[in-house]
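> Protein chains in written order, with full-length UniProt numbering: chain A, 1 to 351; chain B, 1 to 1209.
Quick one: the structure is below, and I'll ask about it shortly.
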């Protein structure tokens, strides 16, 4: 029986059924209409169950181990600087410090490389407790406007950052408005470490989502400055920091790529970072961290996947052993009619 | 009508012969005169006769006897008061015999041949019909209104409406309305198409032509233009355009034959006749006033009178011909339209059966409420948390980058209405966001699945009656799954268990038993008329010895009695012989048309024995007696009624004698037989009768008496007086009949076999094994019922029979108390027996309850009902005999109202309609007794034995499939909602979804819908063979094993676990990464679709290529949809899926989620299936491995398994 045969007979059948009774054209009986299509009837036999559990266990444990070792290879330096970068005297007035335009926001941090880091070393900033996935935040953007100059005025979805001084903001919306504006300058042994900020955004975003003819306009000119300003002479498709930022994070703790250091860092290298601590996360208790990390095939450092795979795999192995034991100690003949409830009761089995 | 069975089809035909007879028996005409009198003279005599006795009508007759009460008014009406249904007294007969006068304010006045006056001041509707539901203008509002009767749609409409409120804008407006609009649109298009087809057929119908009297001439007129009061002329084989009172016909006595197949499905011809008073008036000069009752739907009743020539004449149901019938065997008929268009009885009856609701769906509502509560809980949690969050950050809301309530460009608050309002909005948004918790797709899926199931039921060759070519019909589409949970089957007997093809089997003539019948085609079966051969349509087995007696030995007592016996059979009936042409011009067939199959059988038997009924007119009967054509004058006919339980005919014989032939039920006949003579013959006949009825034959006793001239004159004057009486005519006529039917000589008795249908005993045995209690409700007498009970294995010899057969309420009470005591004792006994000897076959003594209709009169609808219920449920078999149609419904209601058990009623006749509509599931047998039962039923099929396939196979499958599908749909949507919910906890409770709104909308429509529908239609847990072999497997449906609260809660627990796995595995894996919302959303979308499909896959019993294609196809389709959505640049998630698919982590996560999500369920399933196997599980194993254990080689287990690859593409 092939698919064609089945469907044609089905069609005939429908016509038959609506035809009056007297129209006694003998209907075509096919295996389809009689519900007798060839079929596989899997049954969970002990062998199947044990094999399935064992197989899963045997596949999962190695994957778990591989993931763990991959995660182990990743070298990661995380430095939380939001508190330390505020001078002693302002510790109790963090907001005032951040909001004042007078204060010097420069801050110097020293990082020590714990293990050799092969290039490229990715530089991320990590924000904690920052709800880039907040409903109002996520929606406050205009993808049309970002794509092409023609839609510059489409800012309806951008409220409350849609217009300033009577004309549209480009790029509009809360997301762009709150663009991250801390900057990092790295030096190793007083030698500047170049951070490559090219190609940190998705190529697809640069090519299709952010227009090369759209230039920032009217941006951060309102009463309240949310974050970084943009160079109005560079088209949006080249503003990679913005593009990275605009790809909103899924979770309240997230990293964003800042750049890449394309030299290897050796063990115990002392890296000096000069941070311009501009971005105000203090108002809502957010944390800021600087992260330097290498990657492997599972991404950054993350032991969870390995642990999860090991757990599931181990559990499956355990279950498979359990079932083996159960089958050995409480066997049952498959398909024995004497187990049928009516036979069982009649035969005096306890039901 | 002469059978022992109470009136089953209250057809007015029964009244006709009486009326026709009366035309010839008008005066004291000696037989010789009557014989020679021409038709003209008889007609002229009739013309000046005073009010006719036509209302010697069946309606009055019916009411006269409570036992045969069949208030046809109750047909299809649900609002009839139960109190009217079961008359508790049998004594109203006298009162009801009188003709009810119609009061002026409840009458309709029809001025014959004066339509203008008739339609003034009240305009009656014209004769156009409209079966369409909509016009172009009203289509949209009405269709929508009807569709929104489904509460779920209203819920979704409200949500879609809420979504349009700017503050609550969760989905884009299009996305939120789309699913509902799709569903509504599809249904609307379907409805519109159907309505258009109805419109077209209406138009054809309305434009048909008929000839109507216009300006004293008959001119063609469109049907739709006919008005009440107009005179219409119908030619032979024409359809009748409206309900009209017959005024005259081509037949000089005013008889017209109509075929009512469109109305009640009975294919035999019915006789209708015009009143003598109107017969002779030419239509052009006809005038008069008909006062008739208001239009009603009772097709068997009509009350009216006609004022013509200053006389008032009553009209009854036999004077009206109804729209939808066809005129047959009559050259023309002229009538006056009384009901037109939508007032016609056929239109008033065209409403369908009341819709029923399946048990599963009722249960489903319980769980839907549960889901609604959890939905509210989820929303409340979100709302409270959101409120708290807002409260904690209330001072920062102006500046928080991701909230920013202050709009600095105009200084106002942006989209902020205070914490109170914000929480309210949050709640509503949460409801919109989580709305799929109550699955809209489920309702559509259920419809589709039922459609599919119905398709397969209709196609099943196991339920197709090859003989009559009648297919299974699925008339109700919403109770398929109820078929899997039936606990009680109420069955009619005649036509359902038996074929209702009556066959003459044996006769006891003059105290001698002739039952050695043999099939003899040639012998005595044909006669030649003018060189043509006439033969009866059906051949009957004849006893050669009896033939010898008939042919030879003329003059002996024995031969004379035998001749009289068959003469009685040939004459004492209401059968109309109809001559049919055959392909061979030299041969003609005589078809005996009549309403009672018993009479048909008797007339065929008489024909086979040489007494062939050739012609029957209103005044005489022509019988070919052993080759000699003889004419008998019908001088009088006493209709069968259920008080006398006999009918009689007074015949003027060619030899100038007047004979009274009576036939009737044995108990009634022996009361009127003269016992002083021929005592030995009477005793022999009684013995034979006993033997016949224990064989399950229906018996009739035939008697006769020769009337002397004086007796005849007495009778005639009494008859004349009775039939001209205006009030109490029925009772008087009955008294006249009873007076003359006495001191009879016994002629003999006949035994008619009501053949059991094929496979009935086996079917009943299967049903019994399946745990279904079979009750038989029959109109037959007790002995016949019991013997049929034995022959269909309902009763067995080891059963203890409790018979309740009482004639007063006190007796009934006592019998019931005794019966309860008895069942208790037997129960205690068997319990004791089980305690002492465990392990042996069940020691329980089976009990059968046999109760008759008379007792039921005192029991139903009184306080004794409760006791009857106790007794009946304790019994294994219940047999109700002599029950009236509405009592059948009463018995069904007895069970239905007191238990939760599902009931099924199966029957074939109009008398089963009430029972079929009362039961949870009504099954009609498309058999001999017309199509009333089929029209009222939910399912219709050809034979009783198909019930086994229907219940055990299709019912089981349907239930299993539907139950699983409902649970699965709940699970599927809940997983999705929980997954959304977990994410909301990480978005500052702002109800963001990572999943794109399109995926949310498409989730239950495209991503996951098809596999569940396919599984719902095609999956089979067990093969047909196994299900039929082990009927006990049906119990799983009765015990609600596949859908119950426990399963629901377990499923929901599993749901929570799976949603946790889906959400948290990616969450934890991507906790500190650069993952963006859309990418993570894509992972979740794919993960949830894969997981729910794998979940389904694990539960599929049978994988054929369609299952494979839909299951894997759906996952692929999801991936494609996600890819397409992510390829649209203006959506924020542009290109995410390509990025995330490129990482190994993505694939590992999908694998991990699927396995981690399924492990608990799989382990649980593996454990229970092996260590706590259900019957179904064992049977499945048996199906697969059983051949190893079982020696029976005949069982070839499913060859299909060995070739799964073959079908898979």
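The beta-carbon is built from N, C-alpha and C at its ideal position, and this holds for glycine as well.
(1) Would you mind stating whether residue 81 of chain A and residue 115 of chain A have Cβ atoms separated by less than 8 Å?
(2) Just to confirm before moving on: does the CB-CB distance between residue 354 of chain A and residue 1181 of chain B stay below 8 Å?
(3) According to DSSP, is residue 1104 of chain B part of a helix, a strand, or is it coil?
(4) For a quick check, are the C-beta atoms of residue 1096 of chain B and residue 968 of chain B less than 8 Å apart?
(5) Who are residue 292 of chain B's beta bridge partners in DSSP?
(6) On the criterion of 16 or more Cβ atoms from any shown chain inside 10 Å, does residue 888 of chain B qualify as buried, or is it exposed?
(7) With a Cβ-Cβ cutoff of 8 Å, do residue 503 of chain B and residue 601 of chain B count as a contact?
(8) Which residues of the stretch 309-342 of chain A have a Cβ closer than 8 Å to any Cβ of chain B? Give them in chain order.
(9) In chain A, what lies closer than 8 Å to residue 1018 of chain B by C-beta?
(10) Name, please, each residue of chain A whose Cβ falls closer than 7 Å to the Cβ of residue 1073 of chain B.
(11) May I ask you to check if the CB of residue 935 of chain B is nearer than 7 Å to at least one heavy atom of the ligand NAP?
(12) Any contact of the stretch 53-66 of chain A with the stretch 265-276 of chain A, i.e. 3+ C-beta pairs under 8 Å?
(13) In the DSSP assignment, what are the bridge partners of residue 470 of chain B?
(14) Under the three-state reduction of DSSP, which class applies to residue 903 of chain B: helix, strand or coil?
(15) Taking only beta carbons into account, state which residues of the stretch 229-257 of chain A come closer than 9 Å to chain B, listed in chain order.
(16) Got a sec: is the Cβ-Cβ distance from residue 393 of chain B to anything in chain A below 8 Å?
(17) Alpha carbon to alpha carbon, what distance is there between residue 805 of chain B and residue 591 of chain B?
(18) Is it the case that the Cβ atoms of residue 399 of chain B and residue 150 of chain B are separated by a distance below 8 Å?
(19) Under 8 Å Cβ to Cβ from residue 854 of chain B, same chain only, skipping five residues before and after it: list those, please.
(20) Using a Cβ cut-off of 8 Å, pull out every chain B residue sitting near residue 134 of chain A, in sequence order please.
(21) Tell me the DSSP bridge mates of residue 1252 of chain B?
(22) From the beta carbon of residue 1184 of chain B, is the nearest beta carbon of chain A less than 8 Å away?
(23) May I have the straight-line CA-CA distance separating residue 614 of chain B from residue 570 of chain B, to the nearest angstrom?
(24) So, is the C-beta of residue 143 of chain A closer than 8 Å to a C-beta in chain B?
(25) In terms of DSSP beta bridges, what is residue 749 of chain B paired with?
(26) Report yes or no: is there a C-beta of chain B within less than 8 Å of the C-beta of residue 40 of chain A?
(27) With a CB to CB cut of under 7 Å and the five nearest residues on each side skipped, what residues in its chain are close to residue 1043 of chain B?
(28) Output yes if chain A places a C-beta closer than 8 Å to the C-beta of residue 836 of chain B; else output no.
(29) Rounded to whole angstroms, what's the CA-CA distance from residue 91 of chain A to residue 85 of chain A? Just pull it up for me.
(30) Looking at chain A, is there any beta carbon in it that lies within less than 8 Å of the beta carbon of residue 815 of chain B?
(31) So, are the CB atoms of residue 767 of chain B and residue 948 of chain B less than 8 Å apart?
(32) Give me the residue from A:113, A:38, A:228 with the minimum Cα distance to residue 187 of chain A.
(33) Could you tell me if residue 335 of chain A is buried or exposed, where buried requires 16 or more neighbouring beta carbons within 10 angstroms of its beta carbon?
(34) Taking all protein chains shown into account, do 16 or more other C-beta atoms lie within 10 angstroms of the C-beta of residue 262 of chain A, making it buried, or fewer, making it exposed?
(35) Return helix, strand or coil for residue 1122 of chain B, following the three-state DSSP convention.
(36) Tell me, please, which residues DSSP counts as bridged to residue 615 of chain B.
This is what the structure gives:
(1) In this structure, the beta-carbon distance from residue 81 of chain A to residue 115 of chain A does not fall below 8 Å.
(2) Because chain A here runs from 1 to 351, residue 354 of chain A falls outside it and cannot be looked at.
(3) DSSP places residue 1104 of chain B outside both helix and strand once states are collapsed to three, so it counts as coil.
(4) Contact flag set, yes.
(5) Partner(s): B:108, B:304.
(6) So residue 888 of chain B ends up on the buried side.
(7) In this structure, residue 601 of chain B lies closer than 8 Å to residue 503 of chain B by Cβ.
(8) Those residues of the stretch 309-342 of chain A placed with their C-beta closer than 8 Å to a C-beta in chain B are 309, 312, 315, 316, 319, 323, 326, 327, 330, 332, 333, 334, 335, 336, 337, 339, 340, 341, 342, ordered along the chain.
(9) Those are 35, 37, listed as they occur along chain A.
(10) Contact of residue 1073 of chain B with chain A by beta-carbon distance below 7 Å involves 255, 299, 300.
(11) The ligand NAP is absent from the structure shown, which contains no ligand whatsoever.
(12) These segments do not touch.
(13) For residue 470 of chain B, which the question treats as bridged, DSSP gives the partners B:465.
(14) Strand at residue 903 of chain B.
(15) Per Cβ criterion, the list reads 244, 246, 247, 248, 249, 250, 251, 252, 253, 254, 255, 256, 257.
(16) Judged by the 8 Å Cβ criterion, residue 393 of chain B is in contact with chain A.
(17) Between residue 591 of chain B and residue 805 of chain B, the C-alpha separation is close to 40 Å.
(18) Cβ distance not < 8 Å, so residue 399 of chain B and residue 150 of chain B don't count as in contact.
(19) Contacts found: 67, 805, 806, 807, 882.
(20) Under the 8 Å cutoff, chain B gives 402, 403, 987, 988, 990, 992.
(21) With chain B covering only 1 through 1209, there is no way to say anything about residue 1252 of chain B.
(22) Residue 1184 of chain B counts as touching chain A.
(23) C-alpha separation (whole angstroms): 10 Å.
(24) Under the Cβ criterion of 8 Å, residue 143 of chain A is counted among the residues facing chain B.
(25) DSSP output for residue 749 of chain B lists B:508, B:701 as bridge partner(s).
(26) With 8 Å as the cut-off, residue 40 of chain A counts as an interface residue toward chain B.
(27) Apart from sequence neighbours up to five positions away, the residues of its chain that approach residue 1043 of chain B with a beta-carbon distance below 7 Å are 360, 363, 963, 966, 967, ordered along the chain.
(28) Only weak support exists for where residue 836 of chain B lies, its pLDDT of 47 falling under 50; the value from the coordinates is given anyway. When Cβ-Cβ separations below 8 Å define contact, residue 836 of chain B makes no contact with chain A.
(29) One C-alpha to the other measures close to 10 Å.
(30) Output row for residue 815 of chain B: interface = no.
(31) Residue 767 of chain B is a Cβ neighbour of residue 948 of chain B, given a cutoff of 8 Å.
(32) The option with the nearest alpha carbon to residue 187 of chain A is A:113.
(33) By the beta-carbon neighbour count (other beta carbons within 10 angstroms, threshold 16), residue 335 of chain A is buried.
(34) Exposed, because fewer than 16 other Cβ atoms sit within 10 Å of the Cβ of residue 262 of chain A.
(35) Helix, per DSSP.
(36) Under the DSSP definition of a beta bridge, residue 615 of chain B partners with B:622.
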